[in-house]
């Protein structure tokens, strides 16, 4: 279970984001941050594997490194201030629809869908929307989706091919270049609580129809 010590580690890391401090406190990180986060993934992944083929059973394959990629960043602090996991078929770097979980000192971040889409795949999705427009509208207007996420998120194209103009008259969803749901909520109410798994899976279940739709589009 995630305890308040999880949050205190990241609060201190924010003040002391250096390799020296991290190495001094690495045992705290392993015991109070990494292990509880991995244990949480272990309770979530079996359910996701029932929903979607190809999600890997090993939670460590879903885990993103706490070390930041500094190659193209002006911010040279070496560590992320949250734990993150990508739960998609084939692993965290997959281009397939999947689920996202991040937990920082204060918030739980839950999401899913498709964030990075290459042009060929985007065209497939738009063609699928053209042929199955009402289904996507129903998914994004479902009470469970709205209650958990509000609206479908993602950047939108300013221009569309003429093939999609007729669809645009009926729904702006065709303009999306990204198709994902995302929400964050406070971590503190879930300290020492087994209900965190249920809460995350409730949000993931609201994303599931979107992922199924996008998977069909990419077949």
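In this note's numbering, the protein residues as written are -11 to 207.
Glycine included, each C-beta is placed from N, C-alpha and C at the ideal position.
First through last residue of the alpha helix (DSSP H) which encompasses residue i
i: residue 154; result: 153 to 156
i: residue 172; result: It is not in any alpha helix (DSSP H) - residue 172 instead sits in the beta strand (DSSP E) that spans 167 to 174.
i: residue 195; result: 183 to 206
i: residue 131; result: 131 to 137
i: residue 2; result: -8 to 3
i: residue 7; result: 7 to 12
Terminal residues of the beta strand (DSSP E) in which residue i lies
i: residue 26; result: Note, residue 26: premise wrong, no beta strand (DSSP E); alpha helix (DSSP H) at 23 to 39.
Short CB-CB distance (under 8 Å) between residue i and chain D
i: residue 148; result: The structure shown contains no chain D; it is built from a single protein chain.
Supposed contact pair residue j and residue i - C-beta distance, whole angstroms, cut 8 Å
i: residue 117; j: residue 124; result: 6 Å
i: residue 188; j: residue 83; result: With a Cβ gap of about 23 Å, residue 188 and residue 83 do not count as contacting.
i: residue 101; j: residue 199; result: 7 Å
i: residue 86; j: residue 49; result: So it is not a contact: roughly 12 Å between Cβ atoms.
i: residue 112; j: residue 142; result: Contact doesn't hold; Cβ gap of about 16 Å is too wide.
i: residue 175; j: residue 96; result: 5 Å
i: residue 88; j: residue 5; result: Going by Cβ atoms, the distance from residue 88 to residue 5 rounds to 23 Å, so no, they are not a contact pair.
i: residue 161; j: residue 184; result: Not really, about 32 Å apart at Cβ, beyond 8 Å.
DSSP beta-bridge partners of residue i
i: residue 51; result: 73
i: residue 62; result: Paired residues: none, contrary to the question.
i: residue 235; result: Residue 235 lies beyond the stretch modelled for the chain, which goes from -11 to 207, so this question has no answer here.
i: residue 164; result: 144
Inset, instruction - Could you tell me which uninterrupted beta strand (DSSP E) segments, each at least 3 residues in length, are contained entirely in the region 64 to 117, listed from first to last along the chain? - result: 70 to 75, 86 to 92, 95 to 102
Inset, instruction - Answer yes if the region 70 to 82 comes into contact with the region 47 to 60, meaning at least three C-beta pairs across the two stretches below 8 Å, and no otherwise. - result: yes
Legend entry - the region 165 to 176 contacting the region 147 to 154, beta-carbon criterion three pairs below 8 Å: no
Legend entry - Inter-stretch contact at 8 Å, needing at least 3 Cβ pairs: the region 33 to 43 / the region 118 to 138: no
Legend entry - the region -10 to 10 / the region 175 to 184 touching (three or more Cβ pairs under 8 Å): yes
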